[in-house]
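Trainee:
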Amino acid sequence: MNSTEIRELFSDISKRASSEGASVELEATSSESFGVNYSKQNLEEYSSDLSQNVGIRVLFEKGAGYATTENLSKDAVLNCYQEALQSAKDLNLGADSKKIPQKLWKGPVPKPLAGLLHPPSFEREIDAKLQDAKTLEKSALDFHADIASVPYSHYGESKGKRLLLNSLGLDVESEGGGISAYSYVLAKKGEDSKMSGTGGFYRQLQKFSAEKMGKKAAQKALELLGATQPKTGKYTIVLRNKVASSIVPFLFGHVSAKTLDESRSLLKGKIGQKVLSPLLTIEDDPFFIEGSSARAFDGEGAASQKTTVFKEGVFQNFLTNSYLAEKLNLPHTAHAVRNGGEMGVGPSNVIFKNGTKSLEDLLAAEKNVIFITSLEAAHSGFKTASLDFSMPGAGFVYENGELKGALHQFVVSGNLLQWLHDVQEMSHRQPDQGESVVISDLLIPDVSIAGA
Amino acid sequence: MIIAQSLIEKTLNEALSTGADFAEIFAEDSYSSSLSLIDSAPKDALVGKQYGAGIRVQFGHEEIYVTTSDLSEAGLLRAARTAAQAKAGGQRKKQADPLHEPVTDYDVIQEYKNLPWDIQREKKFQFLRNLDRSARAESSLVTQTAPKLQEKVQRIQIANSRGLHVQDQRTHYRAFLEVFVEENGNKDSYSKNTFSVTDGLFFEKINSDEWGKETVKSAITVLRAPFAPAGEMPVIIDSGFGGVIFHEACGHGLETTSVAKDSSVFCGKLEQKIANACVTAIDDGTIAGGWGSLNVDDEGNKPQKTVLIENGILKSYMVDELGSKKTGYAITGSGRRQNYKFAPASRMRNTFIAAGEHTLDDMIKDIDHGIYAKEMGGGSVNPGTGDFNFVTREAYLVKNGKIHSPVKGATLIGKGIDALGKITKVGKDLQLAPGMCGSVSGSIPAAVGQPPVLVSSILVGGKA
Numbered sequence: 346m347n348s349t350e351i352r353e354l355f356s357d358i359s360k361r362a363s364s365e366g367a368s369v370e371l372e373a374t375s376s377e378s379f380g381v382n383y384s385k386q387n388l389e390e391y392s393s394d395l396s397q398n399v400g401i402r403v404l405f406e407k408g409a410g411y412a413t414t415e416n417l418s419k420d421a422v423l424n425c426y427q428e429a430l431q432s433a434k435d436l437n438l439g440a441d442s443k444k445i446p447q448k449l450w451k452g453p454v455p456k457p458l459a460g461l462l463h464p465p466s467f468e469r470e471i472d473a474k475l476q477d478a479k480t481l482e483k484s485a486l487d488f489h490a491d492i493a494s495v496p497y498s499h500y501g502e503s504k505g506k507r508l509l510l511n512s513l514g515l516d517v518e519s520e521g522g523g524i525s526a527y528s529y530v531l532a533k534k535g536e537d538s539k540m541s542g543t544g545g546f547y548r549q550l551q552k553f554s555a556e557k558m559g560k561k562a563a564q565k566a567l568e569l570l571g572a573t574q575p576k577t578g579k580y581t582i583v584l585r586n587k588v589a590s591s592i593v594p595f596l597f598g599h600v601s602a603k604t605l606d607e608s609r610s611l612l613k614g615k616i617g618q619k620v621l622s623p624l625l626t627i628e629d630d631p632f633f634i635e636g637s638s639a640r641a642f643d644g645e646g647a648a649s650q651k652t653t654v655f656k657e658g659v660f661q662n663f664l665t666n667s668y669l670a671e672k673l674n675l676p677h678t679a680h681a682v683r684n685g686g687e688m689g690v691g692p693s694n695v696i697f698k699n700g701t702k703s704l705e706d707l708l709a710a711e712k713n714v715i716f717i718t719s720l721e722a723a724h725s726g727f728k729t730a731s732l733d734f735s736m737p738g739a740g741f742v743y744e745n746g747e748l749k750g751a752l753h754q755f756v757v758s759g760n761l762l763q764w765l766h767d768v769q770e771m772s773h774r775q776p777d778q779g780e781s782v783v784i785s786d787l788l789i790p791d792v793s794i795a796g797a
Numbered sequence: 023m024i025i026a027q028s029l030i031e032k033t034l035n036e037a038l039s040t041g042a043d044f045a046e047i048f049a050e051d052s053y054s055s056s057l058s059l060i061d062s063a064p065k066d067a068l069v070g071k072q073y074g075a076g077i078r079v080q081f082g083h084e085e086i087y088v089t090t091s092d093l094s095e096a097g098l099l100r101a102a103r104t105a106a107q108a109k110a111g112g113q114r115k116k117q118a119d120p121l122h123e124p125v126t127d128y129d130v131i132q133e134y135k136n137l138p139w140d141i142q143r144e145k146k147f148q149f150l151r152n153l154d155r156s157a158r159a160e161s162s163l164v165t166q167t168a169p170k171l172q173e174k175v176q177r178i179q180i181a182n183s184r185g186l187h188v189q190d191q192r193t194h195y196r197a198f199l200e201v202f203v204e205e206n207g208n209k210d211s212y213s214k215n216t217f218s219v220t221d222g223l224f225f226e227k228i229n230s231d232e233w234g235k236e237t238v239k240s241a242i243t244v245l246r247a248p249f250a251p252a253g254e255m256p257v258i259i260d261s262g263f264g265g266v267i268f269h270e271a272c273g274h275g276l277e278t279t280s281v282a283k284d285s286s287v288f289c290g291k292l293e294q295k296i297a298n299a300c301v302t303a304i305d306d307g308t309i310a311g312g313w314g315s316l317n318v319d320d321e322g323n324k325p326q327k328t329v330l331i332e333n334g335i336l337k338s339y340m341v342d343e344l345g346s347k348k349t350g351y352a353i354t355g356s357g358r359r360q361n362y363k364f365a366p367a368s369r370m371r372n373t374f375i376a377a378g379e380h381t382l383d384d385m386i387k388d389i390d391h392g393i394y395a396k397e398m399g400g401g402s403v404n405p406g407t408g409d410f411n412f413v414t415r416e417a418y419l420v421k422n423g424k425i426h427s428p429v430k431g432a433t434l435i436g437k438g439i440d441a442l443g444k445i446t447k448v449g450k451d452l453q454l455a456p457g458m459c460g461s462v463s464g465s466i467p468a469a470v471g472q473p474p475v476l477v478s479s480i481l482v483g484g485k486a
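Heads up: the protein sequence lines correspond to chains A and B, in order.
Take any residue in the first sequence, note its place counting from 1, add 345, and you have its number in our numbering.
Take any residue in the second sequence, note its place counting from 1, add 22, and you have its number in our numbering.
Written out as structure tokens, the structure reads:
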């Protein structure tokens, strides 16, 4: 079904909703993706996907119902609408009398955001793409005799379109895409084996080098060979920029007005208070094109806007959608996201203001410093309610700024809010590829590490 | 039937047109629903339909996988052509074998009754309200509850160029209760869940009063607990979800997905001693009503009961079609995938350590200073190095042979092969628990299980 057919069908659905006393919103997405892996220079997996999906939100008095379908036949989409309508009616029956009803978004038309799709990056011959995937593995395998294999190596492309319509006349469309790649390498020396790697997202092909990525992954795995366990104790650490970016999203769960509304936010009542280190200024920036979460409009069609979330450590704003902004009397920041259909709240690109020091300065900040280069299993090691965590890590020990050896098999424990409050220094070294969280290396004192 | 037999044959032949020696279609038409409460009132009611097909072709050991949500003739043939042309220039080697009449009748590993759309939604919301009420009545420290009910009905159709043609329907139901507690500015949460793979009305058999009470009790225990001590110490891992240690530490390394790539520490160790003699471990896809059981796996093969380790000796890997082709080991009916978006891979089903002869009390009495992990959380493993980690959700310090006090933040880390050698006692009381396992072919229902086991030494990552 193309955009014109979807618009025609939506017009029909909108009339049906109106006759039921309901209003309706429809999001249609379509995407094409391609991915390839090589193992021992043999093609291991080649995948290609053509997807389409329709998500419908129906508002009926105080009830909101959601349904999605991948079957875009007319009957299936109408059935999807009926499911959403029924859910909205069911939820209206059970709604609290004081509940504020949701409303569809009506506002200024969002300006298009150029650069989300770079067509030349996708127009290469398939052989050139396969060659990149091969190079990604080969450059790692050839890097050193101690590289045993590359268990996970992948080159992928995806691009897609999104159309959002509602009964109040909203009609907005966007497209985007990018290249993603990763390489995780196994290094072995005798009985010692270590795996490490790297990956990234790129809007433009020219910023990606398969050879560089493969070599970097191999280098990282090799560096960990011969690692020892640190002694259990409290240490000053430097948290590598990419590791920091993997745990920051847990903080943003508490910046969501939805979490606040559900009485679960640790930031409740803290607007205007110094919550983090004064070194930390954090913006949500949907216009940062290199970031994988750049967008022209949010999940309900509101024009994107930049939002300062923390300024020099002081909490400034919860992120909101239009409903929660009204309900909680907060500024509307246009951060509606659809979580499996349901309208929630989520960040776009989270950008930390850069620090002033070099990584070397941070590593030499104390006599003994542990440089944490990986933290594993955040999905299970983090308690989202309290932001307490306990995660296995790997890294390096530095003495007076000099590398003394690799470390492994230790567990780092703490609380994320406390860590970000305790940050003593920040480097000016941000990751060199697109991320949805852009952050520099952090120097944090008094961190609990369990080892030998 | 999701796709007509004649169209399947046409599609398979298109997929074989450039010389592939195997082609397969996995079609899916699934319904899922999620209902939840927040602030004691219905929060949302979501319904989703997943609809599409994955076309897989193999050229020797090379595999191409193309997916589409357009199941029209044009859409399927386009996807089949894309798959075939990934190896352009080759000549057709074969036509697809004529398809058998679809198999739909199995040895009744799973039976179904009370499908989601046949049950009034109000009944489901009432169950969630009961959970909410019982939790809030238990303690004034409860600040929020999040009861949730998830339902999934997956209809599948699998056909391949060897003439295999099967259809099946699978149902998975799960109920969750998460409670949030707060005391003196400290916040925490705890959740429990239960499941059924057969009956959409399973929730009517749940004692919601008891469930609410138990969840709140555990949440308050965790809220008030200090961080665990750090360092190497003996750990008792209790039954049920404690089996996640075996799942993470060893199970993933026994899948041909990693064995065939020579990236598992268990490669080449068949018939070798890899664990203490007290350890027998099984992956069984045939347990009636089991969370990870299947009538037929996602490649159309019959699931089996696979003894992985017998009295400490490695006996078998878990083997899918491609894994079998690459390694030569016999297929064990372990090919699984989350949905049509994923190519299948060898994965676990219901994986557990078999019952031994000890009691939990025997084990506690053995410990001077250690940890009793009553409830485990999730974890992960690096199959290449065998390094694993998993978190405890509810744990207690054991001192001088007695359970002493609750602790939080006890993450257990180590190497799978070392941990297997350090299991010194296996208990009598085997229990299985449901989980979702994430790996190369997506997130799938997989049960883990064990009786209580004593690991003589393991690194506990508490606070220094």
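The beta carbon of each residue, even a glycine, is placed where N, CA and C say it ideally should be.
If the criterion is Cβ atoms closer than 8 angstroms, does the pair residue 211 of chain B and residue 241 of chain B meet it?
Mentor: yes
Trainee: Who are the neighbours of residue 737 of chain A on chain B, taking C-beta pairs under 8 angstroms?
Mentor: 409, 411, 433, 435 and 483
Trainee: Candidates A:750, A:783, A:495 and A:603: which alpha carbon is nearest residue 529 of chain A's?
Mentor: A:495
Trainee: Closest Cβ-Cβ distance between residue 551 of chain A and chain B: below 8 angstroms?
Mentor: no
Trainee: I need the DSSP call for residue 234 of chain B, collapsed to helix, strand or coil.
Mentor: helix
Trainee: Taking all protein chains shown into account, do 16 or more other C-beta atoms lie within 10 angstroms of the C-beta of residue 398 of chain B, making it buried, or fewer, making it exposed?
Mentor: buried
Trainee: So for residue 680 of chain A, helix, strand or coil by DSSP?
Mentor: coil
Trainee: Span of the beta strand (DSSP E) holding residue 412 of chain A?
Mentor: 408–414
Trainee: Taking the alpha carbon of residue 421 of chain A as the reference point, which residue from B:143, B:56 and B:70 has its own alpha carbon closest?
Mentor: In terms of CA proximity to residue 421 of chain A, B:70 leads the group B:143, B:56 and B:70.
Trainee: Within the chosen definition, does the region 356–372 of chain B reach the region 316–336 of chain B through at least 3 CB pairs nearer than 8 angstroms?
Mentor: yes
Trainee: Alpha carbon to alpha carbon, how far is residue 77 of chain B from residue 234 of chain B?
Mentor: 45 angstroms
Trainee: Does the beta carbon of residue 416 of chain A sit closer than 8 angstroms to a beta carbon anywhere in chain B?
Mentor: yes
Trainee: Using a C-beta cutoff of 8 angstroms, does residue 179 of chain B count as contacting chain A?
Mentor: no
Trainee: Once you ignore the five residues that flank residue 590 of chain A on each side, which residues in its own chain have a CB closer than 6 angstroms to its CB?
Mentor: For residue 590 of chain A, the CB contacts under 6 angstroms within the same chain, skipping 5 residues up- and downstream, are 780, 782 and 784 in chain order.
Trainee: So residue 469 of chain B packs on residue 313 of chain B, CB below 8 angstroms; how close in whole Å?
Mentor: 4 angstroms
Trainee: Is the region 212–227 of chain B touching the region 133–151 of chain B, taking contact as three or more C-beta pairs under 8 angstroms?
Mentor: yes
Trainee: Using the Cα positions of residue 366 of chain B and residue 466 of chain B, report the straight-line distance between them to the nearest angstrom.
Mentor: 11 angstroms
Trainee: Please specify which runs of the alpha helix (DSSP H), each continuous and at least 4 residues long, are wholly inside the region 261–341 of chain B, giving them in chain order.
Mentor: 266–271 and 278–281
Trainee: Taking the runs of the alpha helix (DSSP H) that are 4 residues or longer, which of them lie wholly in the region 139–227 of chain B?
Mentor: You should have 143–160.
Trainee: For a contact meaning CB atoms closer than 7 angstroms, what does residue 404 of chain B contact in chain A?
Mentor: Simply 540.
Trainee: Between A:636, A:736, A:709 and A:669, which lies nearest to residue 792 of chain A when the distance is taken from Cα to Cα?
Mentor: A:736
Trainee: Ignore the nearest five residues each way along the sequence and tell me which others in residue 482 of chain A's own chain have a CB closer than 6 angstroms to its CB.
Mentor: 383, 495 and 498
Trainee: What are the boundary residues of the beta strand (DSSP E) that residue 735 of chain A is part of?
Mentor: 733–744
Trainee: Mind checking the region 74–93 of chain B against chain A and listing, in chain order, the residues whose C-beta falls within less than 7 angstroms of any C-beta there?
Mentor: 74, 83, 84, 85, 86, 87, 88, 89, 90, 91 and 92
Trainee: Given a cut-off of 8 angstroms, decide if residue 433 of chain B and residue 476 of chain B are closer than it, judged by their beta-carbon atoms.
Mentor: no
Trainee: Please report the straight-line C-alpha distance between residue 56 of chain B and residue 745 of chain A, rounded to a whole angstrom.
Mentor: Put simply, the backbone Cα of residue 56 of chain B is about 55 angstroms away from that of residue 745 of chain A.
Trainee: Chain A beta carbons: is any one of them nearer than 8 angstroms to that of residue 60 of chain B?
Mentor: yes
Trainee: Pull up the distance between the alpha-carbon of residue 599 of chain A and that of residue 435 of chain B, whole angstroms please.
Mentor: 28 angstroms
Trainee: Alpha carbon to alpha carbon, how far is residue 662 of chain A from residue 679 of chain A?
Mentor: 12 angstroms
Trainee: My assumption, with CB atoms under 8 angstroms, is that residue 462 of chain A sits in contact with residue 520 of chain A. Please give the rounded CB distance.
Mentor: 5 angstroms
Trainee: Can you list, in chain order, the residues of its chain with a C-beta nearer than 8 angstroms to that of residue 648 of chain A? Leave out the 5 residues immediately preceding and following it.
Mentor: Answer for residue 648 of chain A: 452, 453, 454, 455, 456, 641, 642 and 679, listed in chain order.
Trainee: Tell me, please, whether the region 103–110 of chain B touches the region 431–451 of chain A by the rule of three or more beta-carbon pairs shorter than 8 angstroms.
Mentor: no
Trainee: How many angstroms separate the CA atom of residue 380 of chain B from the CA atom of residue 448 of chain B?
Mentor: 6 angstroms
Trainee: Pull the bridge partners of residue 394 of chain B from the DSSP assignment, please.
Mentor: Bridge pairing for residue 394 of chain B: B:258 and B:418 [DSSP].
Trainee: Is the region 425–445 of chain A touching the region 402–413 of chain A in the sense that three or more CB pairs, one from each, lie closer than 8 angstroms?
Mentor: yes
Trainee: Would residue 138 of chain B count as contacting chain A if we go by Cβ distances under 8 angstroms?
Mentor: no
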